[in-house]
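S.K.: Under the numbering used here, residues 27 to 396 are what the sequence shown spells out, in order.
Each residue gets a CB set at the ideal place from its N, CA and C atoms; glycine is no exception.
Pasting a structure here, questions to come.
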Amino acid sequence: MSLIDLRSDTVTRPTDAMRRAMAAAEVGDDVFGDDPTVIALEGRAADMLGKEAGLFVTSGTQGNLVAQLAHLARGQETIAPSESHMIVDEAAGHAVIVGTSIRGLRERPDGTLDPAEIADAFRDPSDPHEPITGLVSLENTHAHSMAQPLSVEYTATVAAIAHERGVPLHVDGARFFNAVVAQGVTARALAGPADSVTFCLSKGLGCPVGSIVVGSKDFIWRARRARKLVGGGLRQVGILAAAGLVALSDGPDGMIERLADDHANARRLAEGLAELDGIISAGGIAQPTPGRLDPTRVRTNFVLFKVRGDRAAFLERLKVRNILMVEYPHGAIRAATHHDVSAGDVTTIIRAASDVLHEMAGRTRLPVGA
Ligand SMILES: Cc1ncc(COP(=O)(O)O)c(C=O)c1O
């Protein structure tokens, strides 16, 4: 049986169309600004999200980092969700490289922050004790809440709070297009209220490497300088950008519309898992209601759940059956669907999870049909 890898949506292999485009890519030296494929990709991304300019970066982490470097001065502070990637999973780049602090606010189960709490979290710039609030950041989709998509209206509400106080809004949209597709809105509408957005090509969009940051021309100029500072100035990078252009294209090779399949597969996986004795709610902001896993929490491509009993043993026994999932914070397990997971695979995964749970409970499974 071939491997079904649900550890992340980053594990996708480039499609044949991407590999062909990469092999044939016209390239230049992007640090000199003359790689035509990179220029085309940055332009396409900026246009799709309704911003003036775009910048190809190596990763989502680098995208968030250069956005912070471009928006913030040393000693300033960002308001962000306390379980966001920027706070939890970026090696404290905000402190180590940007020289700023982050004020984490507790998320609600729909992945949002309470607007009143955001307003309240702004520092008093006239008080010499306090850092100066320089940025508000949201995560869309919001991973730890089971990848909930944030709406256009909510983004606009937060942008208004930030802008009234003279502060920009950044969106870490590592899975921005999942949020777009799940809500049936345009990328332009969802990005509209934000001053900058990062999105990853290397996740659900299936590219081997890369993310894009978009924003105003001035912002992107500062981000470009910041990218150089962190060693992200690449040369014949059109080879990588070519895959991004395929992912963002209209038509059969494009990778955006098909994200709906990943969402449907994730929902069906959750429905199947929810029926199994031994699979329970992930708890926390992923699913605050205890007891049964609630499949309606799955709105994009993450299924977060817990197992009764030994999590490591469950994962190990799935692995023996060529199925990979990953440990997630707060004792949960994550299964992420993506381009390389088919609807047929979902049936296989549910069956395997059922077998493993029976095995762990010391019961022997009856053969099919018995
Ligand atoms: C919400 C979020 N932001 C940013 C990133 C960083 O992306 P990368 O792994 O490309 O650095 C991730 C990666 O998983 C993510 O989930």
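(1) Compare the C-beta of Ala-292 against all C-beta atoms of chain D and say whether one is closer than 8 angstroms.
(2) Got a sec? Which residues, its chain only, sit under 7 angstroms from Thr-65 by beta carbon, not counting five neighbours each side?
(3) Using a threshold of 7 angstroms, is the CB atom of Thr-87 nearer than that to any non-hydrogen atom of ligand 1?
(4) Quickly, what does DSSP pair Tyr-354 with across the bridge? List them, please.
(5) Using C-beta distances below 8 angstroms, list every residue in its chain close to Ala-51, excluding the 5 sequence neighbours before and after it, in chain order.
(6) Tell whether a beta-carbon distance below 8 angstroms holds between Thr-84 and Gly-258.
(7) Can you name, in chain order, every residue of its own chain whose Cβ lies under 8 angstroms from the Cβ of Val-382, other than the five neighbours on each side?
(8) For the beta strand (DSSP E) that contains Gln-102, what are its first and last residues?
(9) Among the residues of its own chain, which have a CB less than 8 angstroms from the CB of Ala-396, if the five just before and after it don't count?
(10) Based on the DSSP secondary-structure assignment, which residues constitute the bridge partners of Ser-237?
(11) Please determine if the region 131 to 141 and the region 174 to 185 are in contact, where contact requires at least 3 C-beta pairs separated by less than 8 angstroms.
(12) Within 7 angstroms: the Cβ of Ala-147 and any heavy atom of ligand 1?
(13) Shortest alpha-carbon distance to Gly-270 belongs to which of Met-172, Asp-31, Ala-208, Val-235?
(14) Specify, as a first and last residue, the run of the beta strand (DSSP E) that Val-329 falls within.
(15) Between Lys-243 and Glu-78, is the Cβ-Cβ spacing less than 8 angstroms?
(16) Tell me the DSSP secondary structure of Ile-311 in three-state form.
(17) Relative to the alpha-carbon of Arg-360, which residue among Ser-368, Ala-369, Gly-370, Ile-349 has its alpha-carbon at the smallest distance?
(18) So, helix, strand or coil for Arg-129, using DSSP?
(19) Quick check on the DSSP output: the beta strand (DSSP E) that includes Val-197 runs from which residue to which?
(20) Rounded to whole angstroms, what's the CA-CA distance from Leu-260 to Asp-56? Just pull it up for me.
(21) One question on the structure: do Ala-43 and Val-272 come within less than 8 angstroms of each other, judged by their Cβ atoms?
(22) Could you give the distance in angstroms between the alpha-carbon of Ser-380 and the alpha-carbon of Pro-151?
(23) Output the distance between the C-alpha atoms of Gly-86 and Ala-93, rounded to the nearest integer angstrom.
(24) Quick check on DSSP: helix, strand or coil for Leu-164?
(25) Specify the secondary structure class of Asp-60 as computed by DSSP and reduced to three states.
(26) Which two residues bound the contiguous alpha helix (DSSP H) that contains Leu-299?
(27) Note down the Cα distance separating Glu-68 from Ile-376, rounded to an integer number of angstroms.
(28) According to the neighbour-count rule (16 or more other Cβ atoms, all chains shown, within 10 Å of its Cβ), is Leu-29 buried or exposed?
(29) By Cβ distance below 6 angstroms, which residues in the same chain neighbour His-168 in space, the five residues on each side in sequence not counted?
(30) Where Thr-126 and His-120 are concerned, what is the direct C-alpha to C-alpha distance, given to the nearest angstrom?
M.R.: The relevant details are as follows:
(1) Within the model displayed, chain D is absent; a lone protein chain is all it includes.
(2) Position 39 of the sequence shown, counted from the start, is the residue given in the question as residue 65. Residue identity check: residue 65 is Ile in the sequence provided, not Thr. Excluding sequence neighbours, Ile-65 sits near nothing in its chain.
(3) On the sequence shown, residue 87 is found 61 positions in, with the first residue counted as 1. True, at least one ligand heavy atom lies under 7 angstroms from that Cβ.
(4) The residue labelled residue 354 in the question sits at position 328 within the sequence shown. DSSP, once it has assigned bridges, lists Ala-358 as partnering Tyr-354.
(5) For the purposes of this step, residue 51 is taken as residue 25 along the sequence shown, with counting starting at 1. Result list for Ala-51: Thr-63, Gly-264, Ile-265, Ala-267, Ala-268, in chain order.
(6) On the sequence shown, position 58 is the one that residue 84 refers to. On the sequence shown, position 232 is the one that residue 258 refers to. Contact flag set, yes.
(7) Mapped onto the sequence shown, residue 382 falls at position 356. The residues are Phe-340, Arg-343, Leu-344, Arg-347.
(8) Position 76 of the sequence shown, counted from the start, is the residue given in the question as residue 102. It spans 102 to 107 - the beta strand (DSSP E) in which Gln-102 sits, taken as one unbroken run.
(9) Your numbering for residue 396 matches position 370 in the sequence shown. Legend: pLDDT at Ala-396 = 40, less than 50; position of this residue unreliable, value from coordinates given subsequently. Same-chain partners within the cutoff: there are none.
(10) Indexing the sequence shown from 1 puts residue 237 at position 211. According to DSSP, which records beta bridges pairwise, Ser-237 is partnered with Val-83, Cys-226.
(11) yes
(12) Along the sequence shown, read from residue 1 onward, the residue named residue 147 stands at position 121. Result no, Cβ not under 7 angstroms from ligand 1.
(13) One-based indexing of the sequence shown puts residue 270 at position 244. For Gly-270, the nearest C-alpha among the options comes from Val-235.
(14) Taking the first residue of the sequence shown as 1, we reach residue 329 at position 303. Unbroken beta strand (DSSP E) run through Val-329: 328 to 333.
(15) In the sequence shown, residue 243 corresponds to position 217, counting from 1. In the sequence shown, residue 78 corresponds to position 52, counting from 1. It is a contact, given that the beta carbons lie within the stated cut-off.
(16) Taking the first residue of the sequence shown as position 1, residue 311 is located at position 285. Correct three-state label for Ile-311: coil.
(17) The residue you call residue 360 lines up with position 334 of the sequence shown. If we check each option's Cα against that of Arg-360, Ile-349 comes out closest.
(18) Sequence index remark: in the sequence shown, residue 129 carries index 103 (1-based). In this structure, Arg-129 counts as strand in the three-state DSSP scheme.
(19) In the sequence shown, residue 197 corresponds to position 171, counting from 1. Unbroken beta strand (DSSP E) run through Val-197: 195 to 199.
(20) The residue labelled residue 260 in the question sits at position 234 within the sequence shown. The residue labelled residue 56 in the question sits at position 30 within the sequence shown. Cα to Cα, the separation comes out at about 6 angstroms.
(21) By 1-based counting over the sequence shown, the position of residue 43 is 17. By 1-based counting over the sequence shown, the position of residue 272 is 246. Going by C-beta atoms, Ala-43 is nearer than 8 angstroms to Val-272.
(22) Position 354 of the sequence shown, counted from the first residue, corresponds to residue 380. Position 125 of the sequence shown, counted from the first residue, corresponds to residue 151. Rounded to whole angstroms, Ser-380 to Pro-151 spans 57 angstroms at the Cα level.
(23) Counted from its first residue, the sequence shown places residue 86 at position 60. Counted from its first residue, the sequence shown places residue 93 at position 67. Approximately 10 angstroms, taken between the alpha carbons.
(24) As a working mapping, residue 164 is identified with position 138 in the sequence shown. Strand at Leu-164.
(25) Sequence index remark: in the sequence shown, residue 60 carries index 34 (1-based). Looking at Asp-60 - three-state DSSP - the assignment turns out to be coil, as it is neither helix nor strand.
(26) Counting from 1 along the sequence shown, the entry for residue 299 is found at position 273. Element bounds for Leu-299: 285 to 300.
(27) Numbered from 1 along the sequence shown, position 42 holds the residue referred to as residue 68. Numbered from 1 along the sequence shown, position 350 holds the residue referred to as residue 376. Rounded to whole angstroms, Glu-68 to Ile-376 spans 40 angstroms at the Cα level.
(28) Against the sequence shown, residue 29 aligns to sequence position 3. Looking at its Cβ environment, which holds fewer than 16 other Cβ atoms inside 10 Å, Leu-29 is exposed.
(29) Residue mapping note: residue 168 aligns to position 142 of the sequence shown, counting from 1. Gly-137, Gln-174, listed in sequence order.
(30) Walking along the sequence shown from the start, residue 126 turns up at place 100. Walking along the sequence shown from the start, residue 120 turns up at place 94. Straight-line Cα distance between these residues: approximately 6 angstroms.
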